[in-house]
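**Student:**
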Amino acid sequence: MPADDVPPCLVDLPTPTSIDWPALLTRLTRWGGLLVLRQHTFMSDAAAFGAFEYELECDLIELLQAQFGDVSVLAEETFHRTGRPVGTPGRLQLVLDPVDGSRSYADGSTTYAITLAALLDGRPLFGLVHHPAEQVTYAAARGLGAYRGIRRLESRPTGSRRVAIRQRDMTGSMALAAEKLIRHGYVIEGMACTSLKLCWIVDGRIAGLVKPVTERNGILSTWGLAAGQLITEETGYPVSSLDGSPWEWAPGEIVIGDAGFRSALGLH
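Sequence positions in the sequence shown follow the numbering used here and run 1236 to 1503.
1) Since Glu1292 and Pro1333 should fall inside the 8 Å C-beta cutoff, what is the C-beta to C-beta distance between them, to a whole number of angstroms?
2) For Gln1274, is the classification buried or exposed, using 16 other Cβ atoms within 10 angstroms of its Cβ as the cut-off for buried?
3) Got a sec? Which residues, its chain only, sit under 6 Å from Tyr1347 by beta carbon, not counting five neighbours each side?
4) Can you have a look at Ser1475 and say buried or exposed, based on whether 16 or more other CB atoms are within 10 angstroms of its CB?
5) If I measure Cβ to Cβ from Ala1381 and keep anything under 6 Å in the same chain, skipping five residues before and after, which residues do I get?
6) Assuming Arg1319 and Asn1452 are in contact, meaning their beta carbons sit under 8 Å apart, how far apart are those beta carbons, in whole angstroms?
7) Would you decide whether Ile1417 is buried or exposed? Buried here means 16 or more other CB atoms lie within 10 Å of its CB.
8) Would you grab the beta carbon distance between Phe1361 and Leu1248 for me? Rounded to a whole angstrom, and I think it's under 8 Å.
9) Could you check which residue in Glu1488, Pro1447, Ala1413, Leu1272 has the C-alpha nearest to that of Phe1369?
10) Cα-Cα, which of Arg1383, Ala1413, Gly1420, Thr1406 is closest to Gly1394?
11) Going by CA-CA distance only, name the one from Asp1493, Leu1500, Val1448, His1503 that's closest to Pro1483.
12) For my contact list, Ala1399 and Met1405 are in at a C-beta cut-off of 8 Å; report their separation, rounded to the angstrom.
13) Figure out for me which residue from Ala1499, Asp1478, Ala1410, His1366 has the closest Cα to the Cα of Asp1438.
14) Can you give me the C-alpha to C-alpha distance between Met1409 and Ile1489, rounded to a whole angstrom?
15) Go to Glu1369, then tell me how far its alpha helix (DSSP H) extends in each direction, as first and last residue.
16) I'd like the span of the beta strand (DSSP E) that includes Glu1389, first residue to last.
17) Between Gly1459 and chain B, is any beta-carbon pair separated by less than 8 Å?
18) Going by C-alpha to C-alpha distance, which of Leu1295, Thr1350, Phe1287, Ser1279 sits closest to Asp1342?
19) What residue does the alpha helix (DSSP H) around Arg1265 start on, and which one ends it?
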C-alpha cells in the first residue's frame, strides 16, 4: 500500500515506536480479502472458521509485537481461551478483534470488520476498523481526527431513524432506552458488529448505538469497541452513559449518536 493511501491522522501520530503503516494496512486488507473469498465455505464449517479467525489473530499479534516489542495485547480469541492478555503489561496496550461480528459473518452477512486499537494509559491512542466487504478502512488518532480512507470525517446530523441495540441486551435500563427511541420513531436493529456500527454513525447510515460494556477478570471487553469509539469521538460525537454522564471506560452502558438520537433518550 503506498504511503499516500495512509490516513493523515496515522502519519502524524507520535507513538512509542515507528509503525510501518503501509505494511500494517496492507496486511489488514489481505486478511479481509480472504474473509470475503472464503465466507461461503466458512458458513458451513464452523470449526474451519474458528481456526482461521484464530490464525488471523495470531498473525496480527506477531506483526504488532514485531513493531512494538513485548507489549500487552488484548485480543478477543486469545482472551476467550486464556482469560488474560498476552505480553507484558505497561502504559501501552493493543486491543484487537480479528472478526468483529463473527456470528454475522457466519450467517452470510457483510456486517463484520477487522478492528485494532492502541490504548495509552487506558484511553485510545489510535484505532482502525477495516470493512472487508466494502474494502474501506476507517481510522482515528487521538487529537488528530478521524478518516474514511484518506477523507476526513466530520460530525453531521445523520437523518437516519435506525439505531443499534442487541436483542439480548434489551432488559432493564436498556429496554427503557429502546422504548423511548421507538416512541420517537426510531427503528431498532441488531448490533451484529459494534466497531462497524460505530463507523456507520459517522457515515450517516444509523443514528446511534446503545451497548452495555462488560468486564471479565477485571478486564474491560473493549476489543470491538475501542477503535470505533475513538472514530466517533474524533468526529465530534458525544460519548456518554445512559444517564448522560461521561462514559469513563468502566462497566456500564455506552451511548453514542447524533443530536436527535440523544434528544430522544433525554440526553443533551
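Using N, Cα and C, we set each Cβ at its ideal position, and we do this for glycine too.
**Tutor:** On the basis of the coordinates in this document:
1) 4 Å
2) buried
3) Val1334, Gly1336, Ser1339, Tyr1340, Cys1428
4) buried
5) Ala1375, Leu1388, Ile1466, Glu1469, Thr1470
6) 7 Å
7) exposed
8) 6 Å
9) A small fix is needed here, since residue 1369 is Glu in this sequence, not Phe. Glu1369 has its Cα closest to that of Leu1272, out of Glu1488, Pro1447, Ala1413, Leu1272.
10) Gly1420
11) Checking the displayed sequence, the identity of residue 1483 turns out to be Glu instead of Pro. Among Asp1493, Leu1500, Val1448, His1503, the Cα nearest to that of Glu1483 is on Val1448.
12) Their Cβ separation, rounded to whole angstroms, is 12 Å, which puts Ala1399 and Met1405 out of contact at 8 Å.
13) His1366
14) 10 Å
15) Counting along the chain, Glu1369 falls outside any alpha helix (DSSP H), and DSSP gives it neither H nor E.
16) Premise fails: Glu1389 is in no beta strand (DSSP E) and is neither H nor E.
17) Structure shown: chain B not included; a single protein chain is present.
18) Ser1279
19) 1256-1278
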